[in-house]
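Undergrad: I'd like to ask you about the structure that follows.
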Amino acid sequence: MSEISPLVRLVDDDDAFRESQKLFLSMCGYEVKDWADPVRFLEEDDPRVPGCLVLDIRMPEMTGLELQRALYVRGNKLPIIFLTGHGDIETAVYTMKYGAVDFFEKRGDPLKLRDSVSKACERSRQYWRQKKEEEKFEETFNSLTNREKDVIVLAAKGASNREIADQLGIGQETVKMHCSNAYGKLGVRSRLEAYQWLQKVPGDVFKEKAP
C-alpha cells in the first residue's frame with residue numbers, strides 16, 4: 122500500500138499573503154490546504170495525514186502560539202513552521218520548546234521556507250511510518266492469547282520452562298505448547314528473537330503486572 126502524499130497546511134488570516142504562499146508552495150509540488158481561521162483548522166484538519174503546518178504567529182481569534190498549544194495538548198505531532206512579520210528570539214525559543222521545527226519572518230527568503238517544508242514533511246512521513254510499524258507489532262502481539270503472552274514474555278526474559286511453569290501454575294509441556302504457538306504467531310525461532318521482537322511493541326511488555 123502506497124504512502125499518503127504529504128499535505129502542507131497553511132493557516133494565516135492575511136488573505137493576500139496566504140494566497141501567495143499557497144501558490145508558491147503549490148508550484149514547488151506540494152498539495153496545500155489553507156485556512157484563515159485557526160479554530161476551523163482544528164475542526165476540519167485530519168491529523169492522520171502526514172505533512173506540516175505553516176502557521177502565522179499573530180491572528181485575532183486565536184494566535185499561532187495558542188494553536189500550537191492546542192495541538193500539543195491533543196498529542197498532535199504535526200511539524201510546525203512559524204511565520205511572523207515581527208520575529209524575536211524569545212518567541213522563537215518558546216515555539217521550539219513546544220515542537221516547532223522552524224521560525225521565519227514573512228519577508229524572508231521563500232526558498233528557505235521551501236527547504237524547511239521539505240524537511241518537515243519528511244519528518245512527518247518518518248513519524249507515521251514508525252507509528253504504523255508499531256501498530257503492526259501491537260496488533261500481532263494482541264493476537265496471542267493471554268497465556269501465550271505470559272509465557273513468551275517470561276521466556277524472552279530468560280526464565281526456564283520449569284520457572285515459567287512454577288510461576289504460572291501450569292505444566293512444563295503446557296509451557297512448551299504456548300511458547301511454540303507464540304513463536305509461530307510472532308514469526309520468531311528463539312527466545313532471543315522473541316526478546317528482540319517484543320521490544321518493538323509499543324509500551325513495555327516486560328513491565329511487571331500489578332497484583
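Taking the working numbering, the leading residue of the sequence shown gets 122, the next gets one more, and so forth.
Yeah, the Cβ is synthetic: ideal placement off N, Cα and C, and Gly gets one too.
Could you tell me which residues DSSP pairs with E152 in its beta bridges?
TA: For the purposes of this step, residue 152 is identified with residue 31 of the sequence shown, where counting begins at 1. Looking at the DSSP assignment, E152 forms a beta bridge with L128.
Undergrad: Should R130 and D166 be called a contact, given that it needs their Cβ atoms to be closer than 8 Å?
TA: Position 9 of the sequence shown holds residue 130. Position 45 of the sequence shown holds residue 166. Yes, the pair counts as a contact, with Cβ atoms nearer than the cut-off.
Undergrad: For K278, which option in E259, K257, R312 and N267 has the closest C-alpha, if you only look at C-alpha atoms?
TA: Locating residue 278 in the sequence shown gives position 157, counting from the first residue. Per the Cα distances, R312.
Undergrad: With DSSP run on the structure shown, which of helix, strand or coil describes T216?
TA: Indexing the sequence shown from 1 puts residue 216 at position 95. The answer is helix: DSSP assigns T216 an H, G or I state.
Undergrad: Can you give the beta carbon distance from I202 to L163, rounded, assuming they're within the 8 Å contact cut?
TA: Numbered from its first residue, the sequence shown carries residue 202 at position 81. Numbered from its first residue, the sequence shown carries residue 163 at position 42. Not a contact, Cβ separation roughly 18 Å.
Undergrad: In whole angstroms, what is the alpha-carbon distance linking S301 and D271?
TA: As a working note, residue 301 is residue 180 in the sequence shown. As a working note, residue 271 is residue 150 in the sequence shown. A straight-line Cα-Cα distance of about 13 Å links S301 and D271.
Undergrad: Quick check on D223: does DSSP put it in helix, strand or coil?
TA: Residue mapping note: residue 223 aligns to position 102 of the sequence shown, counting from 1. Strand, per DSSP.
Undergrad: Closer than 7 Å by C-beta to K198: which residues in its own chain qualify, once you throw out the five before and the five after it? Chain order, please.
TA: Numbered from 1 along the sequence shown, position 77 holds the residue referred to as residue 198. Excluding sequence neighbours, K198 sits near Y248.
Undergrad: Please work out which residues of its chain come closer than 6 Å, Cβ to Cβ, to P200, disregarding the five sequence neighbours upstream and downstream, and give them in chain order.
TA: Residue numbering aside, residue 200 sits at position 79 when the sequence shown is read from its first letter. The residues are C173, V222, A241, R244 and S245.
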